């Protein structure tokens, strides 16, 4: 095996063409076998094997700097830079992350997992090189899907003015996670169809030199093309046409389904879901929204490149017609466009991972909140039980969203409450609403919330007599789940069951039954209820499934700080930095959120 | 006067060419007289008078929707839509804001003041129109400077795919606030030079139809051009070449200086500063950074279109050479590029208004903080004493930045502390640092901090024996300004003098001397000092010049919540929404921050 002899990219430099081809073949076999065992980003990694081998043949990493945008396509890069064993030896799979990670290897330049950053990073490296009078090459590899993000444009625009050597490789497989969206992609298709000669060239229009290579999965052609641009004295774009899922027929046929998958047999035609089976909030949301769309022509489901998180598989997308919009990886546009839709009378629902909503912070503030635009944002994955990669942690959302004026932040604890809140959000025209979709799994609690009505228009008509039709979820109204004594436990959203579990332990161990509260809202305080609690409780604790600093609990505690009650907020602290690939229960315990840890604190607070 | 007969745009529809020309002339005279009295955005408004008149002649607002990007160029629009008196009658000037405001007029569609949003808003309005089977026209007017923001690209890309009527007017005056930056602008210049026929067309490259008009300050030509695109069935770009400051020779000659100014005599050649005279943190920063740049070739001053806020006037920009970078209005790129610069050994300093740093929230999280990149961010205007327009409030920054892992957030109270912190930030290589530049004016407090050293390299050499050279500002170390009893008052940054003032009042009125603390850091808690305080004080209050929810004080209170101390956080609450054009002392009092209000709370907390 050639692969066995590659300890570092230096071993790739000397390979001849036949060996390069053979190396690609061995990498593809290993990566497929690895994905079959472990799951992972199948289609993006298969597309870039030849490009990666060619890059490490032509360039001299880590002296030369190669930056892979998003870095979900770096399996081959990792295998060529001393980390092959993690892909070939099942016992060592946990040694590598799915993304670029400088703690793992000097060949990984940044911790990164968000799209569209690579060109800006490359600009920074090239500028630092020139300021220090150093001499090395800088290469950014960015996929066509990532070009829809505004930061990619900002980076390309800056590169267009940078009078120094910089290579930008457009890895164009004509596919984002789902299909591409935007006028840009018509022009990208024309470029591919014309061998790069179409006049409407988005790269030349930013002042960049441009070259095209059709054979993006031919390692020998790639080597030639890279050699031609290697020593460029100014920024150049090399546009290469690759095939997502290349070399694995099912992924070539259905690259969206094979973008990121769980383990699968190699003779599988359709992948297993990476997200498990059973009821999911994706399915619940998709079902609800399709019904709402069919009842009301003004309901719009909006996605920024990740329609599946809200249950919009290709079938639901087709059903929704023009009432479903995927804007590409462009969260800023999604929020600003939603704000205008809402103010013009439509009912947009934007489903987004908490961590990617970060990209639209200013648009939330300026377009949605300042204008009180009645948009509904569904904040997915915001939980310590969500994705555990440091780049994708979505539980920092509470400090981002719960302090914005006018934004109603709701935290349902169960599917009944979720649907009631979603239904209310779509029916009201006053305020932007963000619903923190429970991230710790779907539970049903008909004892806490009535079964949901079936559509937004139904709220005003058919179901006017049910509680959920009459609740105004923007008014803070904490729900007392158990009325007890001495200690009040407030468990936000999906941490309500945790609050109940602590209450059980207090009864068992300390001999009294505490009060348990379901707050339901994270953006406002129920002062009436808190004053009642302060009148006959000595202590209060808050539990939230997210960051504690700037989150919800600190607002509760600050509101009651003059009372003299003993209080404590539980959540994940920012203090030790970003956790990476953690076990959720271990992380919670580390931050004081174990039954034993909380009981010990309660004893101290109550002087027991 | 024709102007006197214009009560609404309906009165503009019927004007003939000569009357349109005369109306423009009268508007120009009024706007110049208004700006001379009140100050304002002189150059942008003079550039767009003809365009605005032509728009209201050809389109039927408010049925047709016209969106002005940033909306700092809407004086003529306001004068034509029933608000002329505010510009012609000095007694009524306060009736209009400087930006688009729906509470002011149905002709203003959104509260807006941030760049690059208009195309996305227009897409949303066009989509809502189609979903409701309505029939009206949608026009976005966006300046060339605003095209550098990624959101503008995202909007244009989305428009390129929108198969419906939408008109995008590029108001190209070849000038941002300062000069334009980015490869895009070479191509814009080629388009202007070739009458729109240059092949490298950034709009066609996004799938958009395109037309060019050279005579962007000729109202008759503009009317013809607008009539041609008015009933377009699909998105079209009309690129018009305007002149910033048109009709006022000094502003035509120096549009940067005349972008936004204070009152000035009409025969003035150079404008008075809109920002007052005397020592400013802009000057202090510019002086320090030029010195640092001259000592160290790796120090880089970075701006996103607002170089003047950090003292980089054209002279300092020239002095700094390649060590000054203006990326255009592209905060995302500024932060991500800075992160790479820093990790590659350079020392970037990014100066930005707090409110615009919002646009780079994800880049702060993902590129700077996750990667512990030693960038220095100077957060300007973050104060209730900063800009009071609702669109530009910069005091929400604390809830945005003080909860991010790894980010050191420093809050100096005086210029000595500021320079010491800035000097330390540039000298360290471990962490990203944000310095909250005092927004309540420059004060000198040599009693609290030693005079600053003169440059980053000096910290290690010449001044190794001074305190500021040895302080590690990332370690929380609260400074006791007065050691007192019973009550501790923590005044963050520029609110330290306010804390001292409250302490004086407590001594006068309540007869005891409280402890006063200068916290100096907003991202970490000095638990040792707080525990000492809790041991012999019954109450504690925090004062911060910014939002209280999710800010700094709530972290202090949460850290001490189990102690039983009586505590209260003072800051601006998000609860009543966004304040607009307020009096700072009134706003503070409304949020409990008057001497009388705080004394009353202290009495209650101490049971007096």
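Chains as they are written, first to last, in my numbering: chain U, 571 to 1178; chain H, 571 to 1178. Glycine included, every Cβ here is placed at the ideal spot set by N, Cα and C. It should be emphasised that the depicted structure is a prediction, and the values quoted were computed from it without experimental measurement.
For residue i: DSSP bridge partner residues
{"i": "residue 1059 (chain H)", "result": "H:1086, H:1111"}
{"i": "residue 1152 (chain H)", "result": "Note: residue 1152 (chain H) sits in no beta bridge, so no partner."}
{"i": "residue 1050 (chain U)", "result": "U:1087"}
{"i": "residue 917 (chain U)", "result": "U:869"}
{"i": "residue 823 (chain U)", "result": "Looking at the DSSP assignment, residue 823 (chain U) forms no beta bridge with any residue, so it has no partner."}
Residue-level contact to chain U via CB, residue i, 9 Å cutoff
{"i": "residue 723 (chain H)", "result": "yes"}
{"i": "residue 980 (chain H)", "result": "no"}
{"i": "residue 893 (chain H)", "result": "yes"}
{"i": "residue 718 (chain H)", "result": "yes"}
{"i": "residue 693 (chain H)", "result": "yes"}
{"i": "residue 781 (chain H)", "result": "no"}
{"i": "residue 1127 (chain H)", "result": "yes"}
{"i": "residue 1144 (chain H)", "result": "yes"}
{"i": "residue 1121 (chain H)", "result": "yes"}
{"i": "residue 976 (chain H)", "result": "yes"}
{"i": "residue 931 (chain H)", "result": "yes"}
Neighbourhood of residue i by C-beta distance below 6 Å, restricted to the same chain and skipping five residues each side
{"i": "residue 872 (chain H)", "result": "895, 904, 908, 918, 920"}
{"i": "residue 1118 (chain H)", "result": "1139, 1141, 1143"}
{"i": "residue 828 (chain U)", "result": "612, 613, 815, 821, 841"}
{"i": "residue 1051 (chain U)", "result": "1086, 1088"}
{"i": "residue 958 (chain H)", "result": "1151, 1152"}
{"i": "residue 573 (chain H)", "result": "596"}
Cutoff 9 Å: residue i Cβ touching any chain H Cβ
{"i": "residue 1163 (chain U)", "result": "no"}
{"i": "residue 813 (chain U)", "result": "no"}
{"i": "residue 672 (chain U)", "result": "yes"}
{"i": "residue 1117 (chain U)", "result": "yes"}
{"i": "residue 1138 (chain U)", "result": "yes"}
{"i": "residue 1166 (chain U)", "result": "no"}
{"i": "residue 1124 (chain U)", "result": "yes"}
{"i": "residue 936 (chain U)", "result": "yes"}
{"i": "residue 1107 (chain U)", "result": "no"}
Buried or exposed (CB count within 10 angstroms, at least 16 for buried), residue i
{"i": "residue 745 (chain H)", "result": "buried"}
{"i": "residue 891 (chain H)", "result": "exposed"}
{"i": "residue 830 (chain U)", "result": "buried"}
{"i": "residue 758 (chain U)", "result": "buried"}
{"i": "residue 724 (chain H)", "result": "buried"}
{"i": "residue 667 (chain U)", "result": "buried"}
{"i": "residue 1106 (chain U)", "result": "exposed"}
{"i": "residue 1031 (chain U)", "result": "Residue placement at residue 1031 (chain U) cannot be trusted, given a pLDDT of 39 that sits under 50; what the coordinates show is reported in the next sentence. Exposed."}
{"i": "residue 836 (chain H)", "result": "exposed"}
{"i": "residue 1147 (chain U)", "result": "exposed"}
{"i": "residue 610 (chain U)", "result": "buried"}
{"i": "residue 630 (chain U)", "result": "exposed"}
Close beta carbons around residue i, own chain, < 8 Å, minus the five adjacent residues each side
{"i": "residue 977 (chain H)", "result": "934, 938, 939, 971, 1001, 1002, 1003, 1004, 1093"}
{"i": "residue 577 (chain U)", "result": "652"}
Close Cβ partners of residue i (< 7 Å) along its chain, the five nearest in sequence each way excluded
{"i": "residue 1024 (chain H)", "result": "Only weak support is given to the placement of residue 1024 (chain H): the predicted model assigns it a pLDDT of 48, under 50, and the value that follows is read from those uncertain coordinates. So the list reads 861, once near-sequence residues are dropped."}
{"i": "residue 1044 (chain U)", "result": "978, 1001"}
Pairs of beta-carbons, one from the segment 1114 to 1134 of chain H and one from the segment 1088 to 1098 of chain H, closer than 8 Å: are there three or more? yes
Segment contact flag, the segment 1132 to 1142 of chain H with the segment 1100 to 1111 of chain H, C-beta cutoff 8 Å, min 3 pairs: yes
Count the C-beta pairs between the segment 673 to 687 of chain U and the segment 635 to 651 of chain U that are closer than 8 Å, then say yes if the count reaches three, no if not. yes
Are at least three pairs of beta-carbons, each pair with one atom in the segment 594 to 606 of chain H and one in the segment 650 to 657 of chain H, less than 8 Å apart? yes
Spell out a yes or no on whether the segment 705 to 714 of chain H and the segment 734 to 752 of chain H are touching, meaning 3 or more CB-CB pairs, one atom from each, closer than 8 Å. yes
Is it true that the segment 953 to 967 of chain U meets the segment 1146 to 1159 of chain U, where meeting means three or more beta-carbon pairs spaced less than 8 Å apart? yes
Any contact between the segment 958 to 974 of chain U and the segment 880 to 887 of chain U? By contact I mean 3 or more CB pairs, one from each, below 8 Å. no
Report yes or no: do three or more beta-carbon pairs, one from the segment 699 to 711 of chain U and one from the segment 616 to 629 of chain U, lie closer than 8 Å? yes
Three or more beta-carbon pairs under 8 Å between the segment 1006 to 1015 of chain U and the segment 981 to 988 of chain U, yes or no? yes
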